[in-house]
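> Just passing along the structure, written as structure tokens.
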Amino acid sequence: MCVKRRKKIRLSPEIYRIVGIPCSITIATKGKQKIFSEQHLALSFVALLKRACEGNDILLYAYCVMPDHVHLLISASERKGIIEFVRGIKSLSTKMAWQHGYSGTIWQRSFYDHFLRKDEDCRIVADYIVHNPVRDGIVEDWKDYRFSGSLVYEL
130 MCVKRRKKIR LSPEIYRIVG IPCSITIATK GKQKIFSEQH LALSFVALLK
180 RACEGNDILL YAYCVMPDHV HLLISASERK GIIEFVRGIK SLSTKMAWQH
230 GYSGTIWQRS FYDHFLRKDE DCRIVADYIV HNPVRDGIVE DWKDYRFSGS
280 LVYEL
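Heads up, the sequence shown is in this note's numbering, so the first residue is 130 and it goes up one at a time.
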């Protein structure tokens, strides 16, 4: 019997611990469940995210909590690498969802990441992230969406 191995989709682990390089992250819910269409869960996730970033010195350039996925633009700190941070957020938010009646796994196994290159402007990427609800037709002005923002920029 042949055992299939998962393809390695990550860069080397050291990259995720380099301080100050912005990384765009997309974390999808398992089975595209629209967990965060429940406003109280989306608000709870935003509060959890902000506390986790502040508690770990993670720079949160932008975030957007969509009904079935989350976009983050973050950089690692001396205290916490990106992989560890995302694992922690997924774990804490899963427990939060369980407290609100969900059960089982709420997140897909992994997450998508893209480290910004030198020619990519972090502020432009942050602006793109917070405009996700506009592109999705949820709101006309991103500032009307309570689940997007930044802890770094005044967008």
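C-beta: ideal position from N, C-alpha, C; glycine also. Computed from a predicted model, the values in this text were never measured in an experiment.
Can you give the beta carbon distance from Tyr282 to Arg252, rounded, assuming they're within the 8 Å contact cut?
Within the sequence shown, the letter at position 153 stands for residue 282. Within the sequence shown, the letter at position 123 stands for residue 252. Their Cβ separation, rounded to whole angstroms, is 6 Å, which keeps Tyr282 and Arg252 in contact under 8 Å.
> Leaving out the 5 sequence neighbours to the left and right, which residues in its chain are closer than 7 Å to His198 when beta-carbon positions are compared?
Here residue 198 refers to the residue found at position 69 of the sequence shown. Closer than 7 Å at Cβ, skipping near neighbours: Thr155, Ile156, Ala157 and Thr158.
> Looking at C-alpha atoms only, which residue of Ala226, Ser166, Tyr190 and Leu178 is the closest neighbour of Phe214?
Residue mapping note: residue 214 aligns to position 85 of the sequence shown, counting from 1. It is Leu178.
> Using the three-state DSSP reduction, which class does Gly160 fall into: helix, strand or coil?
Here residue 160 corresponds to residue number 31 of the sequence shown, with the count starting at 1. DSSP places Gly160 in helix when its eight states are reduced to three.
> Below 8 Å on the Cβ atoms is my guess for Tyr192 versus His200; work out the distance and round it to an integer in Å.
Counting from 1 along the sequence shown, the entry for residue 192 is found at position 63. Counting from 1 along the sequence shown, the entry for residue 200 is found at position 71. With a Cβ gap of about 7 Å, Tyr192 and His200 count as contacting.
> Within the stretch 196 to 280, note down every full alpha helix (DSSP H) run reaching 4 residues or more, in order along the chain.
211 to 228, 251 to 259 and 261 to 264
> Looking at C-alpha atoms only, which residue of Gly160, Pro142 and Ile150 is the closest neighbour of Trp236?
Reading the sequence shown from its first residue, position 107 is the one you call residue 236. Of Gly160, Pro142 and Ile150, the residue nearest in Cα terms is Gly160.
> Classify Val148 as buried or exposed, calling it buried when 16 or more other Cβ atoms lie within 10 Å of its own Cβ.
The residue you call residue 148 lines up with position 19 of the sequence shown. Val148 should be labelled exposed.
> Nearest to Ile144 by CA position, among Tyr257, Asp186, Ala226 and Ser204, is which residue?
Locating residue 144 in the sequence shown gives position 15, counting from the first residue. Measuring from the Cα of Ile144, the nearest candidate turns out to be Ser204.
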